[in-house]
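Student:
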Amino acid sequence: MEIIKIAGTEDTPSIHLDLENDILEISGRSLPEDVANFYEPVLTWLDEYSKSPKPKTVFSFKLVYFNTASSKMLLDILMKLEDIHADGHEVLINWFYPEDDEDMEEAGEEYADIVDVPFEKIAYN
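Each residue of the sequence shown is one higher than the one before, counting from 0 in numbering that gives the first Met the number 0.
#1: In its own chain, which residues sit with a C-beta less than 8 Å from the C-beta of Leu77, not counting the 5 before and 5 after it?
#2: Grouping DSSP H, G and I as helix and E and B as strand, with all else coil, what is Asp86?
#3: Since Val114 is in the beta strand (DSSP E), which residue starts that stretch and which ends it?
#4: What does the alpha-carbon distance come out to for the pair Thr67 and Ser51?
#5: Straight-line CA distance for His84 to Leu16?
#6: Quick check: Ser29 and Leu80, are their CB atoms within less than 8 Å of each other?
Now the structure itself:
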C-alpha cells in the first residue's frame, strides 16, 4: 500500500501511514478549514487497508488539540479500526496525551467508551 505522509502545520496534524515501518499515526493540532477534505485520504487508505490488514494493527493518536469538526473525523477513523477488529484482526489504539491536559485525556476515554477496540491511554511530558 502507498505511504501517506503529510507534514503538520499550525492548523493540521501530521499524518504518517506507513505499513512497511509499522507507523500509523496522527499527531499535532487538528483544526483544518475543510476537515472532510483533509481526512478523506486517511479514510480512503483505511478502507483499502481493511481489505487485507496485518495480523496486528497499532494506530497512534498524539494530538495536542482538535476542534469539534475534527472530532467527528477522528471517530470515523476509529470506527474503521473497529470494523477491522470486528473482522477478527488484532487492533490497538494508542492515545497519547500531555500528562497535564485533562481535556485530551478525557477525549481518549470518551473515544474508548464509544468504540469496541483495545485502547491504551499514554501520558507524556
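All residues carry an ideal CB built from backbone N, CA and C; glycine is no exception. All values derive from a computational prediction rather than experimental measurement.
Tutor: Based on what the coordinates show:
#1: Closer than 8 Å at the Cβ level, and outside the excluded window around Leu77, lie Ile92, Tyr110, Ile113, Val114 and Val116.
#2: Here Asp86 sits in coil by DSSP.
#3: Bounds of any beta strand (DSSP E) do not take in Val114, whose DSSP letter is neither H nor E.
#4: The C-alpha of Ser51 is placed about 31 Å away from the C-alpha of Thr67.
#5: Cα to Cα, the separation comes out at about 18 Å.
#6: For Ser29 and Leu80, no; Cβs fall outside 8 Å.
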